[in-house]
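In my numbering, the protein residues as written are 300 to 1127.
Report on the following structure.
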């Protein structure tokens, strides 16, 4: 057996991994040293929306797959779902080496990119520079601070999958394909399809490049063989996640990413028949030149909340005009210096001045086989992130590329560049250290001149864009004239200039150590440590602008999930299935869902029909209610005039967090009721229009083209129906009716998994009032049971479990065979 040289083969990698752990430990020291947790806005919302699911899972050990806590009921697919076929969750846990979530994701990113560079035979210390450049890019840190954990996890595993593909084409087709399969399975498991889509685009570009190279070098047969291995392992990786994929795919057709059923109110605003609305999809797009934030972080002013000091033009302007201390603090501590193409942003996508300089150097010296596909992928990332600012390209993508119209926030495409820029940068340094320095001296001068020159131009011009910001109108309204806006614009120029000079200094420092190496003033051994120190210092200090000690709090300090007086007043009602409407901001609020079953919620993938209901009915009813409040005309009896709010069993409205802010609704229809009349409609448009004004207790509307029915009038004398048991995935009623009746349930209709039985015999569920369930109930006393069991979940997870075991065994077998092969070679 071949002896392993621990000092050469193991120790360098072990030291790098320990350094990665130390980096995470130091950056996130409040988590480890003070037992604090990271404040993540989206995760706080997620906790609220997922509370019913996680509580039921913990108490029963059963996955509910449905929650009644948000939007009057919806599948849990995009909220919180655990899959019994997901064995790779354990592998992810092992890879985190005990670091807590979500800060462990930064460690995964470091290791994943490190593996990518090892596929190029990059030495450990140099590979660690690329890993830092990838993991500490500001896009990662800002996303983590916001709570976009799934996105960060999906990005974290992209390099691992790419490493496998590169290893397959460069070295060993079978071993590389196995690594690709494992990395791709882990990446898909993160459950962020948009990031997976971007990974697929990268792989396609890389594959085309390899095809061209193979054709030119006469290695087409090898390319085909390797590609077959990669496709096979890629398909197995997809199969590993089939439980998640099938569940999400099935629901996505009914979500706001599915087909439109209603005719648009304004036909000029929508041309697509399915997917997201184009305006909504491209709402977050960076302006034409905004990609320069990769080089100069504050190129477009930073973000919506920059702290300005006493030397700022804004501070001076406010002081000169006699503004109070509180007014000055209010403006200067959260100044909106951002003037880019977005409505607002938490911060820029900064790749690092040192990394960008080395990337440009790579354009000149890295061999064509690797350089051009990396450049193409980087260019594509920038084009995609420009969204509506480049409509000719991006609208084409939206209209014709399969699945692309399901995604929004196209600025996420910059994650491609987050990989490609440090990748080419490190390949450039590797090439530099392995080349004759005289051959690359001219290229080095070009790279320095381009990057440093660009920073100088920005520093002296202040901006190449208009300085108008989204908050300017608010500033002007605040003071009644333009003087405050003009002061803010001066400060916008100032922050741009400061960061341009900052990037220039880092470029010159990096160029200096390389120049010293080229001129033989220093040995190669000094170059990499200096570049590593500069990269860490550069990115670390920019990242601290967006995630520092103020982003952490004690686990006991979070007030979001402490019930208010209003919550306690409502919770005194032990009815298990009433609903609550928070009048504050109901459709972007999941806190209410933590305590109650909410009419609203917070989810980017709510049901299309419920979104229709919000837009066409609930929002108008709320606007009418607000007008009554403002005109002091609202009374408890006014609630009789809100049929949609009532049919959703909105038993309480919450106007404030005080106990006196709770408004009981005596007109809520209850959990279920019998109606004497069904009224036929012939289209979704007719159905949603019909519920604008009606009495939900006395009538219901049914689309007879989808749900044929032969009886429309029913005798409800003496009819009773009562809820006897509620679980997220099972609801039971008892009913008593003298003659055949029709029951309406204040539960959202969804036909992919919900079944109904009457006395154990299955009976069809129909949809009424555009969104609710309805049943024809025979005369007599009965037990009615609704159960949710979507076959896609169970079938997908069975296949996923089998595929996961298969992939794991294949990886182990290939690893064993490769080790044995190496031993045989060594023995010869």
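We treat Cβ as the ideally placed atom computed from N, Cα and C, and that holds for glycine.
- Own chain, CB closer than 8 Å to residue 330, minus 5 neighbours either side, in chain order: Taking the first residue of the chain shown as position 1, residue 330 is located at position 31. Cβ within range, chain order: 336, 337, 399, 402 and 851.
- Report buried or exposed for residue 730, applying the criterion of at least 16 other Cβ atoms within 10 angstroms of its Cβ. On the chain shown, residue 730 is found 431 positions in, with the first residue counted as 1. With 16 or more other Cβ atoms within 10 Å, it is buried.
- Task: Specify whether the stretch 868-879 and the stretch 887-901 touch according to this definition: at least 3 beta carbon pairs, one from each stretch, less than 8 Å apart.
- Result: yes
- What is the C-beta distance between residue 469 and residue 418, in whole angstroms, given that I count them as a contact (C-beta under 8 Å)? Indexing the chain shown from 1 puts residue 469 at position 170. Indexing the chain shown from 1 puts residue 418 at position 119. Contact flag correct, Cβ pair sits at about 7 Å.
- Task: Return the CA-CA distance between residue 580 and residue 497, expressed in angstroms with no decimal places.
- Result: Position 281 of the chain shown, counting from 1, holds the residue named residue 580. Position 198 of the chain shown, counting from 1, holds the residue named residue 497. Those two C-alpha atoms are separated by around 16 Å.
- Uninterrupted alpha helix (DSSP H) stretches inside the stretch 882-930 (no shorter than 4 residues): 890-894, 907-912 and 918-929
- Task: May I ask you to report which of helix, strand or coil DSSP gives residue 936?
- Result: Numbered from its first residue, the chain shown carries residue 936 at position 637. Note: residue 936 maps to helix in three-state DSSP.
- With DSSP collapsed to three states, give me the class of residue 1056. One-based indexing of the chain shown puts residue 1056 at position 757. Here residue 1056 sits in strand by DSSP.
- Cα separation between residue 1061 and residue 966? As a position in the chain shown, residue 1061 is number 762, starting the count at 1. As a position in the chain shown, residue 966 is number 667, starting the count at 1. About 32 Å.
- Query: With respect to the alpha helix (DSSP H) encompassing residue 985, which residues constitute its N-terminal and C-terminal limits?
  - Reply: Translated into positions along the chain shown, residue 985 becomes position 686. Its alpha helix (DSSP H) spans residues 983-989.
- Message: Assuming residue 1031 is part of the beta strand (DSSP E), what are its boundary residues?
- Response: The count along the chain shown starts at 1 and reaches residue 1031 at position 732. Where residue 1031 is concerned, the enclosing beta strand (DSSP E) stretches over 1029-1036.
- Message: According to DSSP, simplified to helix, strand and coil, what is residue 624?
- Response: Working through the chain shown from its first residue, we reach residue 624 at position 325. Helix at residue 624.
- Item | DSSP three-state assignment for residue 764, whether helix, strand or coil | Taking the chain shown and counting its residues from 1, the one referred to as residue 764 is at position 465. Residue state, collapsed to three classes: coil.
- May I ask you to list the residues that DSSP assigns as paired with residue 1081? To locate residue 1081, count along the chain shown from 1; it is residue 782. DSSP, once it has assigned bridges, lists 1034 as partnering residue 1081.
- Query: Do residue 973 and residue 1036 come within 8 Å of each other at the CB atom, strictly closer than that value?
  - Reply: Residue mapping note: residue 1036 aligns to position 737 of the chain shown, counting from 1. Residue mapping note: residue 973 aligns to position 674 of the chain shown, counting from 1. Yes, the Cβ-Cβ distance between residue 1036 and residue 973 is below 8 Å.
- Keeping to the same chain, check which residues put their C-beta closer than 7 Å to that of residue 758; ignore five residues upstream and five downstream. Indexing the chain shown from 1 puts residue 758 at position 459. So the list reads 796, 799, 800 and 803, once near-sequence residues are dropped.
- Query: Do the CB positions of residue 711 and residue 494 come within less than 8 Å of each other?
  - Reply: As a working note, residue 711 is residue 412 in the chain shown. As a working note, residue 494 is residue 195 in the chain shown. Closer than 8 Å, so yes.
- Query: Count the other CB atoms within 10 Å of the CB of residue 705; is the residue buried (16 or more) or exposed (fewer)?
  - Reply: Within the chain shown, numbered from 1, the residue matching residue 705 stands at position 406. With 16 or more other Cβ atoms within 10 Å, it is buried.
- Message: Taking its Cβ as the centre, do 16 or more other Cβ atoms sit within 10 Å of residue 314, making it buried, or is it exposed?
- Response: Residue 314 sits at position 15 when you count from the first residue of the chain shown. By the 10 Å Cβ count, residue 314 comes out exposed.
- Message: I'd like the list of long-range same chain contacts for residue 1013, defined as Cβ closer than 6 Å, with 5 residues on each side in sequence excluded.
- Response: The count along the chain shown starts at 1 and reaches residue 1013 at position 714. Counting only Cβ-Cβ distances below 6 Å, and skipping sequence neighbours, we find 975, 1040 and 1041.
- Query: When you compare only the Cα positions, how much space is there between residue 519 and residue 508?
  - Reply: Along the chain shown, read from residue 1 onward, the residue named residue 519 stands at position 220. Along the chain shown, read from residue 1 onward, the residue named residue 508 stands at position 209. Near 12 Å, if we compare the C-alpha coordinates of residue 508 and residue 519.
- Classification of residue 1135 by the beta-carbon crowding that lies within 10 angstroms, buried from 16 upward: This structure leaves residue 1135 out entirely; the chain is present only between 300 and 1127.
- In angstroms, rounded to a whole number, what distance separates the CA positions of residue 590 and residue 655? Start at 1 with the first residue of the chain shown, and residue 590 comes out as number 291. Start at 1 with the first residue of the chain shown, and residue 655 comes out as number 356. Computed Cα separation, rounded: 12 Å.
- Task: Examine the Cβ distances between the stretch 820-831 and the stretch 618-628 and report whether three or more of them are shorter than 8 Å.
- Result: no
- Give the secondary structure of residue 595 by DSSP, where H, G and I count as helix, E and B as strand, and everything else as coil. Here the question's residue 595 lines up with position 296 in the chain shown. Residue 595: coil per DSSP, three-state reduction.
- Query: How big is the Cα-Cα spacing for residue 611 and residue 840?
  - Reply: Indexing the chain shown from 1 puts residue 611 at position 312. Indexing the chain shown from 1 puts residue 840 at position 541. If I take the Cα positions, the gap works out to 21 Å.
- Which ranges does the alpha helix (DSSP H) cover as unbroken runs of at least 4 residues, wholly within the stretch 391-432, from first to last along the chain? Fully enclosed alpha helix (DSSP H) runs of no fewer than 4 residues occupy 403-417 of the stretch 391-432, in order along the chain.
- Item | Euclidean distance between Cα positions of residue 971 and residue 1051 | The residue labelled residue 971 in the question sits at position 672 within the chain shown. The residue labelled residue 1051 in the question sits at position 752 within the chain shown. Between residue 971 and residue 1051, the C-alpha separation is close to 21 Å.
- Same chain only: Cβ atoms within 7 Å of residue 300, ignoring 5 sequence neighbours per side: Counted from its first residue, the chain shown places residue 300 at position 1. Here residue 300 scores only 46 on pLDDT, less than 50, and its place in the model should not be relied on; the value that follows carries that caveat. Counting only Cβ-Cβ distances below 7 Å, and skipping sequence neighbours, we find 1122.
- Item | Cutoff 7 Å; reference residue 633; Cβ partners in own chain excluding five residues on either side | As a working note, residue 633 is residue 334 in the chain shown. So the qualifying residues of the chain are 604.
- Nearest to residue 365 by alpha carbon, out of 813, 578, 1046 and 951? Counting from one through the chain shown, the residue named residue 365 turns up at place 66. Ranking the options by Cα distance to residue 365, first place goes to 1046.
- Residue environment, residue 874, which counts as buried when at least 16 other CB atoms sit within 10 Å: Taking the first residue of the chain shown as 1, we reach residue 874 at position 575. Exposed, by the Cβ-count rule.
- Query: At which residue ranges does the stretch 470-543 contain complete beta strand (DSSP E) runs of 3 or more residues, listed in the order of the chain?
  - Reply: none
- Message: Quick check: what's the CA-CA separation for residue 597 versus residue 794?
- Response: Position 298 of the chain shown, counted from the start, is the residue given in the question as residue 597. Position 495 of the chain shown, counted from the start, is the residue given in the question as residue 794. Roughly 6 Å separates the two Cα atoms.
- Straight-line Cα distance separating residue 424 from residue 303: The residue given as residue 303 occupies position 4 in the chain shown. The residue given as residue 424 occupies position 125 in the chain shown. Using only the alpha carbons, I get a separation of about 21 Å.
- Message: If contacts are defined as beta-carbon pairs under 8 Å, then residue 736 and residue 817 qualify, I think. What distance do you get, rounded to the angstrom?
- Response: Locating residue 736 in the chain shown gives position 437, counting from the first residue. Locating residue 817 in the chain shown gives position 518, counting from the first residue. Going by Cβ atoms, the distance from residue 736 to residue 817 rounds to 4 Å, so yes, they are a contact pair.
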